[in-house]
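Number of protein chains: 2
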Amino acid sequence: MASSEIDALTQALARLPGLGPRSARRAVLHLMKKRETALTPLLRALEAVSTTLSTCSTCGNVDTRDPCAICADPRRDGAMLCVVEEVADLWALDRSRLFPGRFHVLGGRLSALEGVRPEDLAIDTLIRRLEEGGVDEVVLAMNATLEGQTTAHYLADRIGRLPVRLTQLAHGLPVGGELDYLDEGTLAQALRARRPVAS
Amino acid sequence: MASSEIDALTQALARLPGLGPRSARRAVLHLMKKRETALTPLLRALEAVSTTLSTCSTCGNVDTRDPCAICADPRRDGAMLCVVEEVADLWALDRSRLFPGRFHVLGGRLSALEGVRPEDLAIDTLIRRLEEGGVDEVVLAMNATLEGQTTAHYLADRIGRLPVRLTQLAHGLPVGGELDYLDEGTLAQALRARRPVAS
Chain G
100 MASSEIDALT QALARLPGLG PRSARRAVLH LMKKRETALT PLLRALEAVS TTLSTCSTCG
160 NVDTRDPCAI CADPRRDGAM LCVVEEVADL WALDRSRLFP GRFHVLGGRL SALEGVRPED
220 LAIDTLIRRL EEGGVDEVVL AMNATLEGQT TAHYLADRIG RLPVRLTQLA HGLPVGGELD
280 YLDEGTLAQA LRARRPVAS
Chain L
100 MASSEIDALT QALARLPGLG PRSARRAVLH LMKKRETALT PLLRALEAVS TTLSTCSTCG
160 NVDTRDPCAI CADPRRDGAM LCVVEEVADL WALDRSRLFP GRFHVLGGRL SALEGVRPED
220 LAIDTLIRRL EEGGVDEVVL AMNATLEGQT TAHYLADRIG RLPVRLTQLA HGLPVGGELD
280 YLDEGTLAQA LRARRPVAS
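Residue numbers (our numbering), protein chains in the order written: chain G, 100 to 298; chain L, 100 to 298.
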């Protein structure tokens, strides 16, 4: 039907989360019809991100600079550190604009099933960040899933020995909920009602 | 939150049909995490399409060559011509691999509401293609909408003067359709076009 170039584009788009083969075809048709207003801007945006993309060596955020915009922002409160599982969680929390501090991305969660152990996550770098001093409060913002809470317990155990106040998101989170899917109101509630971790 | 490059990419993706702001953010995160397997292939595919994209001057299909792959294919039956409203319709019909002939894309449908007149569609070029000879049958494959059928009536009037056989897609029950769930218009069409049962 279509040329191999168009097929390749359809397949590349179909692999994005949220797009299947049918919606990828619709997207390709849209791009081809709206060459100046859709295809070219998307191409330029991808090029810009592709050439500048990097992972923040401090917090693990993905951004087009290192350190990332959040770590480099002097208006951020360096005394508060929010620990999240994934970059998507960081973005979700940051969109709510309620957390004035900085972040730390673990890169996953402890999981016996998937064989994810503490050394597979950015936990040692987190401990080092805390040992360097300057952080007064660590907010654990794991997903309200079994594995997320297991990770939070493990972190509480490790961080509990350090001289920082340890809090976690209030359990206004619905059981089984994932940060990236929650509305900002729920996130705001959970952040505002964060509590000290009982040791 | 994110840099302006990432924002621009998110916005460019969010404008695709089938993607909204949330799914665009997920797609961007996916692209940034899977740089080698997702971002780079998508970028290359877009570049390839962007540099070679053209509209077929014969049939109106969008492809990376002119004439398009269908018009240039010698195995296609040039005596059969299927007229469709949009390129998306051409692709949908061609995927079924049931039509052995070539296509003609009108680029829309007659619409009093949207002010689309016959001269806004590729009707004159269709008539010229037919007058050049070689086409025995024209299949009108407009959508089964009011505007699609208005367009089909108009085309039937114009083409009726030429020495070609004029047919249109059958209207009736869709495969898998249940009477109880079908609209009265479809049922009326199916009843009116009822055929003798082959014994």
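Heads up, the beta-carbon is just placed ideally off N, CA and C, and yes, glycines get one too.
Since this is a predicted model, take the numbers as computed values, not measurements.
DSSP places L/Met179 in the strand class (E or B) of the three-state scheme. In terms of Cβ geometry, L/Val148 and G/Leu115 do not form a close pair [threshold 8 angstroms]. For the 8 angstroms CB-CB criterion, G/Thr154 and G/Thr163 do not form a contact.
Cα atoms of G/Thr249 and G/Glu277: separation of roughly 15 angstroms, rounded to the nearest angstrom. Against chain G, a Cβ distance below 7 angstroms from L/His203 picks out nothing, because the smallest value is about 16 angstroms.
Your pair L/Arg208 and L/Met241 checks out as a contact, with CB atoms roughly 7 angstroms apart and the cut at 8 angstroms. For G/Ser210, there are no C-beta contacts with chain L under 9 angstroms, since the nearest C-beta of that chain is about 18 angstroms from it.
Proximity of L/Pro140 to chain G, defined by a Cβ-Cβ separation below 8 angstroms, is satisfied. Around the beta-carbon of L/Leu197, fewer than 16 other beta-carbon atoms lie within 10 Å, marking it exposed. In this structure G/Gly117 touches L/Arg125 by the C-beta definition: roughly 6 angstroms separates them, less than 8 angstroms. By the C-beta density criterion, L/Gly232 is exposed, having fewer than 16 other C-beta atoms within 10 angstroms. Per the Cβ contact rule, the segment 125–134 of chain L is not in contact with the segment 124–141 of chain G (fewer than 3 Cβ pairs under 8 angstroms). Taking 8 angstroms as the CB threshold, L/Gly232 stays off the interface with chain G. In the three-state reduction of the DSSP assignment, G/Thr224 falls in the helix class. Only Pro140, Leu141, Leu142, Ala144, Leu145, Glu146, Ala147, Val148, Ser149, Thr151, Leu152, Val161, Asp162, Thr163 and Arg164 from the segment 140–165 of chain G bring a Cβ to less than 7 angstroms from some Cβ of chain L.
For L/Met179, the nearest beta carbon of chain G is not closer than 8 angstroms to its own beta carbon.
Below the 9 angstroms Cβ cutoff, chain L contributes no neighbours of G/Met241, its closest Cβ being approximately 18 angstroms away.
Cβ contact annotation for G/Ile226 (same chain, cutoff 8 angstroms, sequence separation greater than five): Arg257, Ile258 and Leu261, in chain order. Against chain L, a Cβ distance below 9 angstroms from G/Pro116 picks out Ser122, Arg125, Ala126, Leu128 and His129. The Cβ atoms of L/His203 and L/Cys158 sit closer than 8 angstroms to each other.
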